[in-house]
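Chemist:
Protein chains in written order, with this note's numbering: chain F, 168 to 279; chain R, 92 to 205.
1. What does DSSP give as the partner residues of residue 111 of chain R in its beta bridges?
2. Output, in chain order, the set of chain F residues within a Cβ distance shorter than 8 Å of residue 196 of chain R.
3. Can you give the beta carbon distance from residue 163 of chain R to residue 123 of chain R, rounded, assuming they're within the 8 Å contact cut?
4. Between residue 281 of chain F and residue 242 of chain F, how many whole angstroms is the CB-CB distance? I'm expecting something under 8 Å.
5. Taking only runs that begin and end inside the region 176-204 of chain F, name each unbroken beta strand (DSSP E) of 3 or more residues, in chain order.
6. At 9 Å on the CB atoms, spell out the chain R contacts of residue 273 of chain F, in chain order.
7. Would you say residue 261 of chain F reaches chain R, if we count a Cβ-Cβ gap shorter than 8 Å as a contact?
8. When DSSP labels each residue in this structure, what does residue 250 of chain F get in the three-state scheme?
9. Which class does residue 172 of chain R belong to by DSSP, given the choice of helix, strand or coil?
10. With a threshold of 16 other CB atoms inside 10 Å of the CB of residue 171 of chain F, please say whether the residue is buried or exposed.
11. On a Cα-Cα basis, can you pick out the residue from F/265, F/248, F/238 that is closest to residue 195 of chain F?
12. Mind checking the region 145-177 of chain R against chain F and listing, in chain order, the residues whose C-beta falls within less than 9 Å of any C-beta there?
13. Could you confirm whether any beta carbon from chain R is found closer than 8 Å to the beta carbon of residue 246 of chain F?
14. Would you say residue 183 of chain R reaches chain F, if we count a Cβ-Cβ gap shorter than 8 Å as a contact?
15. Is the beta carbon of residue 161 of chain R less than 8 Å from the beta carbon of residue 118 of chain R?
16. Leaving out the 5 sequence neighbours to the left and right, which residues in its chain are closer than 6 Å to residue 205 of chain F when beta-carbon positions are compared?
17. Look at the alpha carbon of residue 131 of chain R and the alpha carbon of residue 194 of chain R, and state the distance between them as a whole number of angstroms.
18. Give the residues from the region 176-202 of chain F that approach chain R closer than 7 Å (Cβ to any Cβ), ordered along the chain.
19. Do residue 202 of chain F and residue 248 of chain F have their C-beta atoms closer together than 8 Å?
20. Residues in the same chain with beta-carbon distance under 6 Å from residue 250 of chain F, minus the five sequence neighbours each way, listed in chain order, please.
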């Protein structure tokens, strides 16, 4: 039982390049979330998906797109990476009918 | 957006000392959660609180849901070197209208000197 997995663990991009961050959960939870974490800023919500087939913007959605591929998988795409998107990205999923979110190990992204 | 004020920002303590940190908000919360994040890892849930006044323990950790519903406290007793990390509070407030989204504090970075 892996819980929440994220790939890749590390990534370096040049400005303007695109990439997709992958997240998968084996907990059979309905909702999935994408956060970014920057020093001194805590965790900020980028996008979330309350159920398969639905997605909604969070606090900082600009520059990102998401896809809820199925119940297990929720991907985050950067179409044209910018240095301001250098951050650590976390995927999370709350237990159904609970606020208790469980986090993946993170993807550390550097944009040069 | 909503904010949680978490304090202190950082703590430097000696092994064996007790630690106390807290989170406050201007909004009323229906849930308080405490997470620990170790370097290079994702946050791990430590304690969840659902009722005003609730006091819950997890080993040497004790957390309380403030009676006003606007604050929460986390205490660590007899600290050990493996307590090092960043501790985050998080909550869901009634102002979010039933949304399951969480608001996070900015974290308390704990350093324990052996």
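All residues carry an ideal CB built from backbone N, CA and C; glycine is no exception.
Modeler: Short version:
1. DSSP output for residue 111 of chain R lists R/166 as bridge partner(s).
2. Simply 209.
3. Cβ-Cβ separation between residue 163 of chain R and residue 123 of chain R: approximately 4 Å, consistent with a contact (criterion under 8 Å).
4. Since the first residue shown for chain F is 168 and the last is 279, residue 281 of chain F is missing from the structure and cannot be characterised.
5. Under the rule that a run must span 3 or more residues, the beta strand (DSSP E) segments found entirely inside the region 176-204 of chain F read 177-180, 186-192.
6. Result: 131, 132, 133.
7. Flagged as an interface residue toward chain R: residue 261 of chain F, by a C-beta distance shorter than 8 Å.
8. Looking at residue 250 of chain F - three-state DSSP - the assignment turns out to be helix.
9. Residue state, collapsed to three classes: helix.
10. Classification of residue 171 of chain F: buried, given that the 10 Å Cβ count is 16 or more.
11. The candidate whose alpha carbon is nearest that of residue 195 of chain F is F/238.
12. In summary, no residue of the region 145-177 of chain R has a CB separated from any CB of chain F by less than 9 Å.
13. At a cut-off of 8 Å, the C-beta of residue 246 of chain F has no neighbouring C-beta in chain R.
14. Closer than 8 Å: yes.
15. Closer than 8 Å, so yes.
16. The beta carbon of residue 205 of chain F is closer than 6 Å to those of 254 in its chain, skipping five residues each way along the sequence.
17. About 22 Å.
18. Legend: CB atoms of the region 176-202 of chain F lying less than 7 Å from CB atoms of chain R belong to residues 198.
19. No, Cβ-Cβ distance for residue 202 of chain F and residue 248 of chain F is not below 8 Å.
20. 278, listed in sequence order.
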